[in-house]
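Enquirer:
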């Protein structure tokens, strides 16, 4: 899965936005605004699995988790200059059914999708946006400012939707993305994440 970088979260369980941004400040010149690696804006599960094996975006190192830890079934749309902040938007979906592996264990007799996996799905969606946008490096989750889980996801939920609105991308030697994320079920927001953060690290 996308892991929290040790550069950011060694001894800081609650990571401030200013601390994260300090990682990307350097004397190196700011690179040109990145162009998407492809004009394709929809991706199916097989293509997302291919991304996990490093075969989708061959010019960078951005990878998704694979197998059961891939919390997306498809990318529905990506727009680089759209969304709430006009800085970019990505929408993904995840098909929920009683056979999802986590329902067997969380909880016995009361199956629910773990909130940690709901957050993971939003991180994965944000990370995919960075890879699609052409930024170099390996994707790492960096933190979240305010996470609110408003409803439960049960085995009969059907399809849930991740919507990530890019608020800011700071690109130096390290790339930092700050976004606002939401999860929807049947058109109703069931989770939200403010100051959702992910980065791209080289080396």
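Numbering (my numbering), first residue to last: 66 to 268.
The C-beta atom is built at its ideal place from N, Cα and C for all residues, glycine as well.
Just so it is clear, the structure is predicted and the values come from calculations on it, not from any experiment.
#1: Taking residue 261 as the reference, which of 229, 249 and 200 has the closest Cα?
#2: Where residue 141 and residue 249 are concerned, what is the direct C-alpha to C-alpha distance, given to the nearest angstrom?
#3: Taking only beta-carbon positions, decide if residue 219 is within less than 8 Å of chain D.
#4: Out of 136, 190 and 252, which one is the CA nearest neighbour of residue 166?
#5: Are the Cβ atoms of residue 118 and residue 131 separated by less than 8 Å?
#6: Is the beta carbon of residue 149 closer than 8 Å to that of residue 200?
#7: If you reduce the DSSP assignment to three classes, tell me which class residue 169 lands in.
#8: Work out the CA separation of residue 110 and residue 245 for me, nearest whole Å.
#9: Starting from the C-beta of residue 254, find all residues in its chain whose C-beta is less than 6 Å away, skip the five residues before and the five after it, and write them out in chain order.
#10: Would you report the Cα separation of residue 151 and residue 107, rounded to the nearest angstrom?
#11: Flag this pair as yes or no: are the beta carbons of residue 256 and residue 191 separated by less than 8 Å?
#12: Roughly how many angstroms lie between the CA atoms of residue 86 and residue 173, to the nearest whole one?
#13: How far does the alpha helix (DSSP H) with residue 111 in it reach, from first residue to last?
#14: Quickly, what does DSSP pair residue 159 with across the bridge? List them, please.
#15: Tell me whether residue 252, by its Cβ, gets closer than 7 Å to a heavy atom of the ligand NAD.
Expert: For this structure:
#1: Position 196 of the chain shown, counted from the first residue, corresponds to residue 261. For residue 261, the nearest C-alpha among the options comes from 229.
#2: Against the chain shown, residue 141 aligns to sequence position 76. Against the chain shown, residue 249 aligns to sequence position 184. One C-alpha to the other measures close to 14 Å.
#3: Given the protein chain composition of this structure (a single chain), no chain D is represented.
#4: In the chain shown, counting from the first residue as 1, residue 166 sits at position 101. Among 136, 190 and 252, the Cα nearest to that of residue 166 is on 136.
#5: Mapped onto the chain shown, residue 118 falls at position 53. Mapped onto the chain shown, residue 131 falls at position 66. Closer than 8 Å, so yes.
#6: Here residue 200 refers to the residue found at position 135 when the chain shown is read from its first residue. Here residue 149 refers to the residue found at position 84 when the chain shown is read from its first residue. Their beta carbons are not under 8 Å apart, which means residue 200 does not touch residue 149 by this criterion.
#7: On the chain shown, residue 169 is found 104 positions in, with the first residue counted as 1. Note: residue 169 maps to helix in three-state DSSP.
#8: As a position in the chain shown, residue 245 is number 180, starting the count at 1. As a position in the chain shown, residue 110 is number 45, starting the count at 1. Looking at the two C-alpha atoms, the distance is approximately 24 Å.
#9: Against the chain shown, residue 254 aligns to sequence position 189. Counting only Cβ-Cβ distances below 6 Å, and skipping sequence neighbours, we find 247.
#10: Reading the chain shown from its first residue, position 86 is the one you call residue 151. Reading the chain shown from its first residue, position 42 is the one you call residue 107. Computed Cα separation, rounded: 19 Å.
#11: Sequence index remark: in the chain shown, residue 256 carries index 191 (1-based). Sequence index remark: in the chain shown, residue 191 carries index 126 (1-based). The answer is no: Cβ separation not under 8 Å.
#12: For the purposes of this step, residue 86 is identified with residue 21 of the chain shown, where counting begins at 1. For the purposes of this step, residue 173 is identified with residue 108 of the chain shown, where counting begins at 1. Because residue 86 sits at a pLDDT of 49, beneath the cut-off of 50, its placement in the model cannot be relied upon, and the following sentence gives the value as read from the coordinates. C-alpha separation (whole angstroms): 41 Å.
#13: As a first step, residue 111 must be located in the chain shown, where it is residue number 46. Where residue 111 is concerned, the enclosing alpha helix (DSSP H) stretches over 110-117.
#14: Numbered from 1 along the chain shown, position 94 holds the residue referred to as residue 159. Paired residues: 225.
#15: Of ligands this structure carries none, so the ligand NAD is not represented either.
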